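S.K.: First the structure, then my questions, so here it is.
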Amino acid sequence: MERFLQVVVDGIADGSIYGALALALVLIFRSTGIVNFAQGEMAMFATFVAWGLHDGGRPLWLALVAAFAFAFLGGMAIERLLIRPVEGAGTLTLVIVTLGLFILVNAAAGWIWGFTNRGFPSIFPSGVARLGGVELSVESLGIIAVLLAVVALLGLLFQRTKLGLAMRAAALNPDSSRLVGIRVGRMLMLGWGLAALLGALAGVLVAPRLFLDVNLMGGVLVYAFAGAALGGFDSPLGAVVGSWIIGVTENLAGTYVGAVGADLKVLVPLAVIFVVLLVRPSGLFGSPEVTRV
Amino acid sequence: MSLPRKVARDQDQGIPEGDQVGRDGRARPFLRIDAGSRRHRTLRGLALLAAVLIAAGIPFNSDRVVNGQLTLVLVYAVAALGLNLLVGYSGQISLGHGAFFAIGAYTAAILIVRAHVPYPLTVPAAALLTFALGFAFGVPALRLRGLYLALVTLALAIATTPLIKRFEGLTGGVQGMSVPQPTVPGWLPVDPDQFLYLLVLSVAVPMFLLAANLTRGGLGRALVSIRDNERAATTMGVDRARVKSRVFAWSAAYAGVAGALFTLTLGFVAPESFNLALSFTFLAAIVIGGLGTVGGALLGALFIEFVPQYAERVNQALTGVIYGATLIAVIYLMPGGIAGLLRSVRRRLVEVAEPPPAGGEPTGGAVLEAGATSPGGGRRPAV
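Protein sequences appear in the order of chains A and U.
For the first sequence, this note's numbering assigns the number 1 to the initial residue and increments by one for each residue that follows.
For the second sequence, this note's numbering assigns the number 294 to the initial residue and increments by one for each residue that follows.
What follows is the structure in structure tokens.
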């Protein structure tokens with residue numbers, strides 16, 4: 001039983017990391033209708049920035065703040081320079097551009113930092129906390145707490161501030177928003193910046209659990225896709241809940257289902273994506289796609 | 294180098310291509326031919342014959358290393374062609390064609406090593422198996438549009454390598470499998486590298502001709518009409534489900550054949566060869582070569598074979614940088630890819646004019662380029 005609870009908590013912690021990246025995907029999808037395939041690679045790049053600063057002797061907190069700022073500005077720059085020119089183009093065009101970005105960022109990171117594994121320090125102390133007689137890792141609990149805080153902050157931003165209202169309006173109806181004086185382009189840039197920031201957060205949370213290398217986020221991206229698909233690509237709440245379900249399922253299957261094991265764990269989210277998209281393409285919390293003829 | 298371009302020019306004619314609308318006000322071409330006239334067909338046949346002869350002559354004038362590279366170019370070209378049928382013509386996005394390529398490759402390897410099947414039979418076997426699997430995958434994929442299909446196929450691409458490793462008894466696991474390569478028959482006075490090249494060429498040429506015919510015929514028109522406006526296409530009587538699942542199957546079969554040829558060419562298969570990067574590379578090939586063109590597959594294959602050869606000498610990461618930057622640049626600067634660029638050059642030299650419709654109202658001397666017709670090809674009713 002104790003083992004089971006540990007696996008579940010670890011699963012929720014993993015799911016929280018996927019959730020941060022899934023939130024980034026959802027944020028961009030809601031405002032621009034793009035699934036950003038490069039989201040994970042952008043996050044990996046920002047994580048390397050943090051690693052580089054820390055490795056160069058800066059304190060961890062400073063390295064993290066600098067990496068987050070870098071991610072935020074980088075996300076805005078990518079929206080402005082690469083995405084804006086193809087805004088409103090067909091799905092194929094957008095997928096190719098973000099895939100191109102995926103390959104480009106991945107290779108650039110390899111060029112700058114090499115292709116070897118790096119250890120990345122955790123922001124949480126190692127060790128275990130005893131909760132109701134069950135030993136749980138402090139790191140896992142910390143990750144879950146961070147994600148909950150992020151969700152709360154995002155909720156505040158979008159529900160309680162004028163800026164958040166403007167961002168929602170720009171996503172929902174760009175033309176009307178322009179008419180009431182909202183700078184839609186700026187809101188989209190801001191959305192991409194926030195998404196990149198969330199991605200970077202996922203990166204620095206997951207890097208200590210794996211090893212930091214250029215393919216750090218490949219797996220995480222698939223899990224985040226699965227979480228977002230399960231929860232509904234246009235629902236932030238769904239993205240988080242979906243990612244939790246994915247994280248827990250993956251960990252349980254990896255631990256208890258012998259045929260799955262550690263090597264085929266990656267098939268769990270794939271199966272989930274496949275089944276969800278076939279049975280209920282809008283996901284658990286998403287709204288079905290309606291097209292006006 | 295004259296070979297690929299000739300093939301490209303020749304086979305691209307008559308393929309409706311949304312982005313490639315003929316430009317007004319261009320200089321008078323050197324040559325003007327009526328489409329479908331005897332002269333047109335003769336020239337086209339001669340160009341094709343010349344291209345095939347030149348292609349067949351290449352391995353006798355280059356060294357073994359180059360022949361090996363060119364053989365791989367042909368292999369990749371067949372795979373890219375299949376992907377282009379799907380992505381370029383029908384507009385469905387697959388990021389997972391490396392998976393079908395892998396299935397074809399392992400089908401050939403397992404048949405040869407474990408069942409001792411003679412190698413010429415492995416190519417059709419791989420084609421049949423991947424056709425069936427592609428069909429089985431294409432039917433549920435019908436429900437998935439655009440992005441979602443991209444996600445599911447991405448999942449397929451990621452699952453390939455771990456799955457191959459898992460079925461160790463069959464696939465040889467991480468170590469991979471050594472496969473005896475085809476031996477040169479005694480009556481043929483050629484070296485092994487030349488033989489392999491000619492063997493792959495003898496499969497690739499019919500595959501290209503088949504694709505040219507598929508895309509020019511009813512299926513091709515139906516595909517393009519679905520890509521450009523699915524609703525209008527269905528209204529006009531195009532059976533969306535049938536056409537889409539069929540093209541998925543064809544496309545998978547092309548990848549499967551290419552995979553089998555890959556095994557025969559290299560004589561070795563290993564799980565790491567079929568990673569996500571392979572699927573991305575195929576997609577890069579068709580975007581850079583030219584989406585929705587038959588010749589673009591060959592041009593793209595040249596790109597993905599030779600760019601890494603030179604880039605890796607500078608830096609291991611340079612290939613990725615070039616691929617990524619080129620993908621984005623092509624989308625912004627020349628959506629038709631290299632084939633599109635070559636086609637516009639060709640149009641300056643040779644103009645293929647549609648003859649005025651017999652018995653119809655005169656079109657006022659307007660020259661209708663095949664590429665400039667409506668997406669539905671001839672299906673558009675006269676307005």
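Built from N, CA and C at the ideal position, the CB exists for glycine as well.
Quick caveat: nothing in here was measured; it's all calculated off a predicted structure.
(1) DSSP three-state label for residue 84(A), please.
(2) Restricting to runs no shorter than 3 residues, where is the beta strand (DSSP E) found entirely within the segment 119-202 of chain A?
(3) For residue 624(U), which option in 190(A), 100(A), 59(A) has the closest C-alpha, if you only look at C-alpha atoms?
(4) Please report whether the beta-carbon of residue 24(A) lies at a distance below 8 Å from any beta-carbon of chain U.
(5) What is the rounded straight-line gap between the Cα of residue 165(A) and the Cα of residue 31(A)?
(6) Which stretch, first to last residue, makes up the alpha helix (DSSP H) that contains residue 386(U)?
(7) Nearest-angstrom Cα distance between residue 16(A) and residue 595(U)?
(8) Decide if the segment 240-255 of chain A is in contact with the segment 3-17 of chain A; the criterion is three or more beta carbon pairs, one per stretch, under 8 Å apart.
(9) Using alpha carbons as the reference points, say which of 460(U), 569(U), 498(U), 402(U) lies closest to residue 348(U).
(10) Determine, using beta carbons only, whether residue 547(U) comes closer than 8 Å to chain A.
(11) Measure the alpha-carbon distance for residue 564(U) versus residue 421(U) and round it to whole angstroms.
(12) Considering only the alpha carbon of each residue, which of 382(U), 630(U), 557(U), 534(U) lies closest to residue 429(U)?
(13) Is the Cβ of residue 273(A) closer than 8 Å to any Cβ of chain U?
(14) Give every residue of the same chain whose Cβ lies closer than 7 Å to the Cβ of residue 151(A), excluding the five residues on either side of it in the sequence, and list them in chain order.
(15) Got a sec, what are the start and stop residues for the beta strand (DSSP E) residue 89(A) sits in?
(16) Compare the beta carbon distance of residue 220(A) and residue 12(A) with 8 Å and say whether it is the shorter of the two.
(17) If residue 613(U) sits next to residue 538(U), beta carbons under 8 Å apart, how far is it from one beta carbon to the other, in whole angstroms?
(18) If you measure from the CB of residue 459(U), is any heavy atom of the ligand FAD nearer than 7 Å?
(19) With distance defined between alpha-carbon atoms, name the residue in 119(A), 242(A), 225(A), 63(A) nearest to residue 448(U).
(20) Against chain U, which members of the segment 84-95 of chain A pass a CB distance test of less than 7 Å?
(21) When you compare only the Cα positions, how much space is there between residue 204(A) and residue 218(A)?
(22) For chain U, is any of its Cβ atoms less than 8 Å away from the one on residue 31(A)?
(23) List, in chain order, every chain U residue whose beta-carbon is nearer than 7 Å to that of residue 222(A).
(24) Any idea which residues DSSP pairs residue 213(A) with across the strands?
(25) When you compare only the Cα positions, how much space is there between residue 287(A) and residue 393(U)?
(26) Identify the continuous alpha helix (DSSP H) that holds residue 570(U) and give its terminal residues.
(27) For residue 1(A), which of helix, strand or coil comes out of DSSP?
(28) Look at the Cβ atom of residue 243(A), then the Cβ atom of residue 283(A), and state whether they are nearer than 8 Å.
(29) What span of residues does the alpha helix (DSSP H) with residue 327(U) cover, start to end?
(30) Using a Cβ-Cβ cut-off of less than 9 Å, list which residues of the segment 194-214 of chain A approach chain U; keep chain order.
(31) Can the beta-carbon of residue 519(U) be found less than 8 Å from the beta-carbon of residue 633(U)?
(32) Using beta carbons (cut-off 8 Å, strictly below), is residue 608(U) in contact with chain A?
M.R.: With the structure as the only source:
(1) If DSSP states are grouped into helix, strand and coil, residue 84(A) belongs with the helices.
(2) Listed in chain order, they are 128-131, 134-137.
(3) Ranking 190(A), 100(A), 59(A) by Cα distance to residue 624(U) puts 100(A) first.
(4) Answer no: the Cβ-Cβ gap between residue 24(A) and chain U never drops below 8 Å.
(5) Residue 165(A) and residue 31(A) have their C-alpha atoms spaced approximately 13 Å apart.
(6) Counting along the chain, residue 386(U) falls outside any alpha helix (DSSP H), and DSSP gives it neither H nor E.
(7) A straight line joining the alpha-carbon of residue 16(A) with that of residue 595(U) spans about 43 Å.
(8) Contact between the segment 240-255 of chain A and the segment 3-17 of chain A is present: 3 or more CB-CB pairs across the two stretches fall below 8 Å.
(9) The shortest C-alpha separation from residue 348(U) is found at 498(U).
(10) False, the Cβ-Cβ gap to chain A never drops below 8 Å.
(11) Straight-line Cα distance between these residues: approximately 22 Å.
(12) Across the set 382(U), 630(U), 557(U), 534(U), the C-alpha of 534(U) shows the shortest separation from the C-alpha of residue 429(U).
(13) Among the residues facing chain U, residue 273(A) is included, as its CB has a counterpart in that chain under 8 Å away.
(14) These residues qualify, in order along the chain: 240.
(15) Premise fails: residue 89(A) is in no beta strand (DSSP E) and is neither H nor E.
(16) Taking 8 Å as the cut-off, the Cβ atoms of residue 220(A) and residue 12(A) do not count as close.
(17) About 34 Å; that fails the 8 Å criterion.
(18) Absent from the structure shown: the ligand FAD. Ligands present: none.
(19) Ranking 119(A), 242(A), 225(A), 63(A) by Cα distance to residue 448(U) puts 225(A) first.
(20) Those would be 85, 86, 91, 92, 93, 95, in chain order.
(21) Distance between the alpha carbons of residue 204(A) and residue 218(A): 14 Å.
(22) Among the residues facing chain U, residue 31(A) is not included, as its CB has no counterpart in that chain under 8 Å away.
(23) Those within 7 Å of residue 222(A) in chain U are 448, 451.
(24) Within the DSSP bridge table, the entry for residue 213(A) names no partner.
(25) A direct Cα-Cα distance of roughly 33 Å separates residue 287(A) from residue 393(U).
(26) Counting along the chain, the alpha helix (DSSP H) containing residue 570(U) begins and ends at 569-582.
(27) DSSP, reduced to helix, strand and coil, places residue 1(A) outside both helices and strands of the structure shown, so it counts as coil.
(28) Contact flag unset, no.
(29) In the DSSP annotation of this structure, residue 327(U) is not part of any alpha helix (DSSP H); the continuous beta strand (DSSP E) holding it starts and ends at 324-327.
(30) Correct list: 214.
(31) No, Cβ-Cβ distance for residue 519(U) and residue 633(U) is not below 8 Å.
(32) Between residue 608(U) and chain A, the shortest Cβ-Cβ separation is below 8 Å.
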